[in-house]
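In order, the protein sequence lines correspond to chains B, X, Z and S. In terms of my numbering, the first sequence opens at residue 90 and continues consecutively. In terms of my numbering, the second sequence opens at residue 90 and continues consecutively. In terms of my numbering, the third sequence opens at residue 90 and continues consecutively. In terms of my numbering, the fourth sequence opens at residue 90 and continues consecutively. For reference, the structure discussed in these notes is given below.
There are 4 protein chains.
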Amino acid sequence: MTVRFAILGAGRIGQVHARAVASTPGATLVAISDPFADAAQKVSDQYGCDIRSIDDIAAASDVDAVAICTPTDTHANLIEQFAKAGKAIFCEKPVDLSVARVREALATVEAERATLMVGFNRRFDPDFMAAKAAIDNGSIGDVEMITITSRDPGAPPHDYIKVSGGIFRDMTIHDFDMARWLLGEEVETVQASASVLTDPKIGELSDFDSVNVILRTASGKQCVITNSRRATYGYDQRIEVLGSKGMVSARNMSEANIELAGTGGFTSPPLLNFFMTRYTAAYANEIAAFVAAVAEGAQTPTTGQDGLMALVLAEAALKSVAEGRVVKLSEIS
Amino acid sequence: MTVRFAILGAGRIGQVHARAVASTPGATLVAISDPFADAAQKVSDQYGCDIRSIDDIAAASDVDAVAICTPTDTHANLIEQFAKAGKAIFCEKPVDLSVARVREALATVEAERATLMVGFNRRFDPDFMAAKAAIDNGSIGDVEMITITSRDPGAPPHDYIKVSGGIFRDMTIHDFDMARWLLGEEVETVQASASVLTDPKIGELSDFDSVNVILRTASGKQCVITNSRRATYGYDQRIEVLGSKGMVSARNMSEANIELAGTGGFTSPPLLNFFMTRYTAAYANEIAAFVAAVAEGAQTPTTGQDGLMALVLAEAALKSVAEGRVVKLSEIS
Amino acid sequence: MTVRFAILGAGRIGQVHARAVASTPGATLVAISDPFADAAQKVSDQYGCDIRSIDDIAAASDVDAVAICTPTDTHANLIEQFAKAGKAIFCEKPVDLSVARVREALATVEAERATLMVGFNRRFDPDFMAAKAAIDNGSIGDVEMITITSRDPGAPPHDYIKVSGGIFRDMTIHDFDMARWLLGEEVETVQASASVLTDPKIGELSDFDSVNVILRTASGKQCVITNSRRATYGYDQRIEVLGSKGMVSARNMSEANIELAGTGGFTSPPLLNFFMTRYTAAYANEIAAFVAAVAEGAQTPTTGQDGLMALVLAEAALKSVAEGRVVKLSEIS
Amino acid sequence: MTVRFAILGAGRIGQVHARAVASTPGATLVAISDPFADAAQKVSDQYGCDIRSIDDIAAASDVDAVAICTPTDTHANLIEQFAKAGKAIFCEKPVDLSVARVREALATVEAERATLMVGFNRRFDPDFMAAKAAIDNGSIGDVEMITITSRDPGAPPHDYIKVSGGIFRDMTIHDFDMARWLLGEEVETVQASASVLTDPKIGELSDFDSVNVILRTASGKQCVITNSRRATYGYDQRIEVLGSKGMVSARNMSEANIELAGTGGFTSPPLLNFFMTRYTAAYANEIAAFVAAVAEGAQTPTTGQDGLMALVLAEAALKSVAEGRVVKLSEIS
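Structure (C-alpha cells):
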C-alpha cells in the first residue's frame, strides 16, 4: 500500500515534511494546502503535487493521511475535522496550548477510532534511538537518574514568544516527551525553577529563558531537564541516563568532524545550530514510522496521549514555578 | 618562613595530608597525634615526626599549624582549642553537622582572630581550577546555568552512613561548595528531590542515595547538582558552566588515557574510582595554598564561613525534600 | 540548464550514482544501461528512466552526460566513445590499470575537448572538505607532514583481488589522490613497504594486504599512507595534516554518536563499515559538483589527469616494493 | 635492602632523577657529582646528600648504584669505570653515538657481569604501559601495523644539534626503542625519508627536522615513525597499534582536562609541552623499576642491548636516507 499524503501548511516545518514524504518509499505527496498561494505553489512546483483547500482534502478519496503543519491554534480543530473525515493524522506538537482542549480533541479521535501521531521528532533521532535501544536491551540495568540538556542557539522572535505558550509549552515540551520515553515510567511530580537571564524583554512578555526541572516517578526515578534559550556554540542537545549497571549518553552533532590544533590548543567546530539540520535524519525517520504504522494499520510510535502528557508536564512545571513547590501531575486537570 | 605542622588524626585523610605536608616546600611535619598508637607510629616512622598528645601539640612552641583530620564530632571542639592556642587551623569538612555548633566555633575563631581553612579539596583540583580561571578571565561571559554531576563509585558502609549526617551533609556538601565558588554570587533558594534507588538499607537509615538539587541566586542564576551513591564506571566528577558567551566544562579522569578498538567498538578504561587517587593533585595544592596563606599571613582561600554556608545549603536541601517546596537560605538559622 | 544523465552499469556503484543524480537539483536521470536486464530494470523502475544500449545512449540527443560505472577494463574504451560522442563524462576510478592506456584515453579526451571527471569521492566528504578548507585558509600555515590512515573492514573476495590490479591500484589509489590534494604540490618520489599479514591467500595471488608508503615532494613535504585490508572496528578513514602553524585532522564516523559506561569502562560503537554508508554525503556532493561544472561549462574539480597521477603513484609504489628503493615518479612512463 | 645512589651530573635530567630517587621507597640519595660546584650544591641542599668526585663515588662502599646523567660523550667511559667498580648502572640514552663504542662498553659490562639499565623512559609512561599491557594480554590479537607519532614542541638549540648525532640518534631513538618494545619481534629492515622544513639552519648543520621511517620485521610486521621538531600545539606523543583483532592507541596529555565552547567551537588546552612535565610519572616509574631490579638482583627492564639496538636502527635510517634504499640491520656493524 502506498500512503497518499496531503500536507496542511507550507511553512518551514511543512516543507520539511513534504521532503520527508517525497523521499519515503511507500508514501506519495498528493496535495498541499496553504492560505498563502506562493508558499503552496512552491511546494507544488517542487514535488509535483496539487494545491487544494483543506475542505477538498478532507473530502478527497485519493488522500489517506494528512500532516498538520499549520499554526498551533488550528491543530485541535483540524484533528477533529480529519478524524471525522477518516484520514490518518500526523500533527506537529503541540496539539493545543490548553490541556482541556487537547482532551476534547483526543476524545473525538478516540470516538472516530482515528489514527493520530503527534510529532515528537527527537524520539526518531538515530543517536537517541541508539541510546534508547541500549536502555531497552538492558545495557545499563534499571534506569535511575536522567539528565537532559537542551539549549537553543538563540531565542525565537518576540512575536513568536507572545503566542508560544511560554518556554515550558514551546521548548521544554520536547524534553518532557524525551523524559517520559527514557524513564519508562510515568512522572508523578514536577518541580521547576525559571529565570530570565538572556534577554529582559522575554521577562516582560511573562516568559522565561533559563529553566531547570526535576521530574520524579512513583518509584523515585528522577530526571533533570536543563534549558536555555541561548548557547553560543550551537544547538546543544544531550541526554545522559544513569542506570544500576552503567550509563548511556548521546552526544552533540558538530558541523564537521575535524579538529584544529595550534598554539591555542585543540578546536573543533561549533554544533549544528538549526533544528532542521540537526534533526534531518529524525524528521525522515519520523515520517517513515508514521507511514509504516498507517500502512500496517498499527499503533503509531507516538500518540495523542503523548502529546497530552507532555503538555500536562508543562502546566505542572509552570504551576511549580508560580507556587514554589513540588506539583503532582494529578493536580493538573 | 617554614610552617611547622602537627596532624591530628592518623587515619586515611590524615595520611593524605601528612604526605602533602612532607612534600610541600615551606612546610615541615613536626608531630602526629592519634589515640591509636599503631596508626600514629606508622606516620611517625614514615615521615620522621614526633608522636604527641593533642594537648601537648596545643601547648608546643614548635608547632605553627594543625590539620584536623579526626572524626567530625570532634572538629568544633578542636577548632576552638587550637584557635585559643594561637595555631593556624586546617580542618577537614564538615566543621560540624549542626549549623548552630558551627556558628559557635566560628565565633571563637573570629574572637581569637585565628586562621581557619576548611578542606574543600575540589577547589584545588587542577582541572576545576582551570575551569574557574576561564570563568574569571571572562571566557564565557556572565555565569548563568551550572550543572554539577557528582557520583560516587559506591556507597560508604552502613555504619558510616548512620553518623554521616545524611547524603546532603556528607556528599553533596562538596558540590554545594563548588556551586558557591562557581556561581560567584550567594545562593538564595534551594529545592531538592531525593530517592533511594541503589540500596533499600540506605532508606531504612533515613538517608537517600540519589538526589537532584536546584540552587538559585538573587539574580536568577541557577545551579543543578545531581548525585548518586553508585556509578559502576568510576568516580564521576564533572562540572559544566554555561555563560552568556559560552560554556566551560571539566571532564572526568580515566585510569589510563588509552583506547581499545575492536568488533564491539571503541573502549577506554573506567574512571579513577577512589577519591584519594582522583584528587591526588588537589590535596597537594590545597595544603600548599594553606601553607602559603599562613606563611604570608594572608586570607586562606577557603574559610570557616565557606564551611558554614555549605552546611546551611545542606540543611535547606533537607528541608526542601521534607516539605516539598522551595526553601530560602534565610529560613535556616 | 538541467543536466540529462545516462548511467552505464547498474551495479552497486551505478545505483549509488543513480540515487545521487535523482536527488541532485539540476540533474535528471534519462537512461540506464546494463547487460544484465534485471539490474537495469530495477534502476528503471525505481527512478522511472529508460533502459537503453550504450550505443543508443552515445547517439541520443536527450543525454548530456554519462556516468561510467562498468567494470574497470571497459572504462578507457567508453571514455573514448563518449568523448567522441560529445557527452560530458563522469568515470569511476581507475581509468585503467595501465598507465599507457590511461594516457591514450586522456589524449582522446583532450583532442575532443571533452569534459572528464574521475570519481575520487573522498575529496567530497564533508569532513575532509572542512579539513582542506582549513588548510586553504591558512589555519595551519604551510603543509609539512601528512598522515593518511585508511583501513578497510575486510578484504574483497579473492576473485576480485585477482583482477583488481593489486592493493596499490585498487585501495591506496584513493589515498594517493588524497595525498596530492592535501599536499598542494606534486609528489616527486615514492617509497613503500608491503606485507601479507591478514590472509596468506592474498599473498598467493601476488598481492599485499598491509602497506605503508612515504611520498615526498620536491620541497621536502612528506606524506605517509598506512593501509590494511582488515580493521575489526570498522572502516578506518583518517587524515592528519601538520603545518608550520598547527595541525588539522579529520576523524572517523561512528555508527552512532553514543557512549556506554560500565564496569569495563566507556564504549562507543564501531565505525560505519561500508563505503557506501561512510561516504553517502561524499557521493552526493561529488555528483552535484560534476553537474555544476557541466552546467556552467567549468573545469571539473577532479580530472583525467588526477586519475592518471594516482595510477602513476601506484606504479611507483609497486616498483619501490619490488626493488627496495626510493622511486622517482619520472621513472614511470 | 635500600639501594644507595650517587647521581653523576646535576643538570636538568640529573635533577629529574635525583627527585625520583628521593621519592622512591627503597632508594636513598647518597651523593651528587658535577664539575659545576653550584649545580652540585643545589642538589645537595635540596636532598641533603654529599658532593663527591666521580672517582670517590666509584671507590665508595656506601654507594650501590649510579645514575649517569652527564654529557653523552662521557657515557661509555663511565659505564666501563662503574662496571669495573661493581656498581649497578643506570645510564641515560644514548650510550654513545658510535655503534662500535657502544659494543665495546657493553662487552665490559658483560665481562664484569654488571647491571646496566639504559634510560628509555617512555616504556614507563603509565598510558604506554597500559597500551602494552593490552597487547600482551591479547586484546588486539597479533600485532601487525604500528604508527608512532612523536613531535617536539620545538627544536633544541643549534649548539645542541651540532653534537646531538642528528635527529635519528637524538630524537627518533626513543621511537626506535618504543617500536622494538611494541613489535615484539626484532626489526629486519629500515627505510626512511628526511627533510628540513622548520628551520633551514638545521639543514646547514647537516641534520633534518622532519622524518618518516618504516621499520619491518622478518614476518612482515611494520611500524611507521613520524617525527617533527615542531608542533605548535605541544609535545605530541602518540602510539597506535593495529592487530588482527583490533587496535590500541595511547592519546596525548593536555595541560588541563577542560573544554571551552563558544561561537568559534569547542577548544581544549594545548598538550603538555615539556618532556619533564609530560613524562613525570614515567621518570618516577623508571627509577622505581631500576631500584626493584637492583634490590632483587633481577634483570633490568631495559638493557644495554636495547640501547645498542636503538642506535643501530638510527644508523640504518641515516644510511637509508643517504642511499635512497631499504637498509638491512645486518648491514650495520
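For glycine and all other residues, C-beta sits at the position ideal for the given N, C-alpha and C. Small disclaimer: the values here were computed from a predicted structure and weren't measured.
With a threshold of 8 Å between beta carbons, GLY243/X makes no contact with chain Z.
Listed in chain order, the non-local C-beta contacts of SER338/S below 6 Å within the same chain comprise GLU329, local neighbours out to five positions each way being set aside.
The C-alpha of ALA111/X is placed about 19 Å away from the C-alpha of LYS131/S. Contact of SER133/S with chain X is not assigned, every C-beta pair being separated by 8 Å or more. The residues PHE257, in chain order, have a CB closer than 6 Å to that of LEU407/Z in the same chain once the five nearest residues on each side in sequence are set aside. ALA109/X has its alpha-carbon roughly 11 Å from the corresponding atom of PHE379/X. Shown here, ILE121/Z sits in a strand according to DSSP, grouped into three states. In the DSSP assignment, THR238/S forms a beta bridge with THR315/S and ARG327/S. Our two residues, THR113/X and GLU275/Z, have alpha carbons roughly 57 Å apart in a direct line. The beta carbon of GLN394/X sits closer than 8 Å to those of LEU195, all from its chain and outside the five residues before and after it, given in chain order. Residue nearest to THR356/B within the set ILE347/S, ALA220/S and ASP185/S is ILE347/S (criterion: CA-CA distance). Neighbours of PHE363/B in chain S, taken as residues at a C-beta separation under 9 Å, are lacking, since the least C-beta distance is about 15 Å. In this chain, GLN388/B is not harboured by any alpha helix (DSSP H), its DSSP state being neither H nor E.
Between the segment 198-211 of chain B and the segment 278-296 of chain B, the count of C-beta pairs closer than 8 Å stays below three; the two stretches do not touch.
Look at the segment 188-268 of chain X and you find these whole runs of beta strand (DSSP E), each 3 residues long or longer: 205-208 and 232-240. By the criterion of at least three beta-carbon pairs nearer than 8 Å, the segment 145-160 of chain X is not in contact with the segment 391-405 of chain X. Using a C-beta cut-off of 8 Å, the segment 164-181 of chain Z makes no contact with the segment 366-374 of chain Z, since fewer than three inter-stretch Cβ pairs fall below that distance.
By the CB criterion at 8 Å, ARG211/B and HIS263/B fall inside the cutoff.
As computed with DSSP, ASN301/B is found in a beta bridge with SER282/B and THR315/B.
Spanning the alpha carbons of THR315/Z and LEU286/S requires a straight line of approximately 22 Å.
Secondary structure at GLU277/S: strand, using DSSP grouped into helix, strand and coil. Rounded to the nearest whole angstrom, the C-alpha separation of TRP270/X and GLY273/S is 51 Å. One finds SER282 in chain S with Cβ atoms closer than 7 Å to the Cβ of ARG305/Z, taken in chain order.
At a cut-off of 8 Å between C-beta atoms, TYR324/Z does not count as an interface residue with respect to chain S. Contacts with chain Z at 8 Å (Cβ-Cβ) include LEU286/S. PRO246/B is positioned such that its CB atom lies no closer than 8 Å to that of ASN362/B. According to the DSSP secondary-structure assignment, THR356/S is paired through a beta bridge with THR356/B and LEU349/S. If one requires a minimum length of 4 residues, the alpha helix (DSSP H) runs lying completely within the segment 365-399 of chain S are 369-385, in chain order.
Distance check between TYR324/B and each of ALA320/X, GLY335/X and TYR322/X places GLY335/X closest, using alpha-carbon atoms only.
TYR322/X counts as buried, since at least 16 other C-beta atoms from the protein chains shown sit within 10 angstroms of its C-beta. Residues of chain Z whose Cβ lies closer than 7 Å to the Cβ of SER357/X are, in chain order, GLY354 and PHE355. Taken through DSSP and simplified to helix, strand or coil, ILE421/S comes out as coil. Looking only at GLY396/B, SER133/B and ALA120/B, the smallest Cα-Cα distance to ARG93/B is reached by ALA120/B.
Within the same chain, Cβ atoms closer than 8 Å to the Cβ of ALA149/S are found at ALA95, VAL119, ALA120 and ARG141, the five residues on either side in sequence being excluded. One finds nothing in chain X with a Cβ atom closer than 9 Å to the Cβ of GLY98/S; even the nearest lies about 23 Å away. Proximity of LYS334/X to chain S, defined by a Cβ-Cβ separation below 8 Å, is satisfied.
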